């Protein structure tokens, strides 16, 4: 019997309009009525996720934000698991700027940039935190993650970013227009692992649903790792189940109905 369902947001629980469908909401509610906990695990900042937690009534336990950098309660209390080391962050910013890469830096509550027109266009729509322009990104401290603009199809550019980063940080493909840079040993699953232990739940009793590369560790370390129909090909190869539904077709509800509510055989 599964005791927890973990949901990625963008490309998974959210449809293309960044909304949660009524069918997905009903499935989540039915899941909780069965005593199964529902946890959100996203690359989004916790400030963006809090209204969603309230809207879905996901109380009484914590959730994972910023790709595992932050664990937060439904009261909004946060625990920063692993900010990027300040010296490492400064060195990385200098390297990226030298290569004329378009970058932004995320603290707990703000998004900082110098010149990032394409990223700014994305973030202005995302409502993921206050956006502030600064003169020197490298002077900031306590940064949880960085974002670098690189289109998914630009394989060589992404490879170059990984080479520049070396082994000083972890690169995660989280969106088709950019990659995230987080501290070493940071991932959704590492944060989730802490929550699972706190709840005395065996990882085999967890369902995790995702669509992107930052969900790989999460879906490969739980009892049932699920890839969305719109998920990356690599994630699909590693998943134990691929829902035939996309994020615009209530894929989350399909998984919950099949494996938790047992409405689908």
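In my numbering, the protein residues as written are 57 to 321. For glycine and all other residues, C-beta sits at the position ideal for the given N, C-alpha and C. Computed from a predicted structure; not experimentally measured.
Beyond the five residues adjoining it in sequence on each side, residue 207 comes within less than 8 Å, by CB distance, of 213, 232 and 233 in the same chain, given in chain order.
The beta carbon of residue 245 sits closer than 6 Å to the beta carbons of 273, 274 and 277 from its chain, once the five residues preceding and following it are set aside; these are given in chain order. A Cβ-Cβ contact shorter than 8 Å links residue 126 with residue 200.
Under the DSSP assignment, residue 142 falls in the alpha helix (DSSP H) whose first and last residues are 142–154.
Along the length of the region 69–104, whole beta strand (DSSP E) runs at least 3 residues long occupy 93–96, reported in chain order.
Collapsing the DSSP output to three states places residue 200 in coil. Residue 134 is bridged by DSSP to 128.
Taking a C-beta distance under 8 Å as the contact criterion, residue 191 and residue 170 qualify as a contact pair. Within the model, the alpha-carbon separation for residue 166 versus residue 198 is close to 11 Å. Straight-line spacing of the CA atoms in residue 135 and residue 236 works out to 20 Å.
About 6 Å separates the CB atoms of residue 128 and residue 119; that is less than 8 Å, so the two are in contact. The DSSP-derived three-state label of residue 255 is coil.
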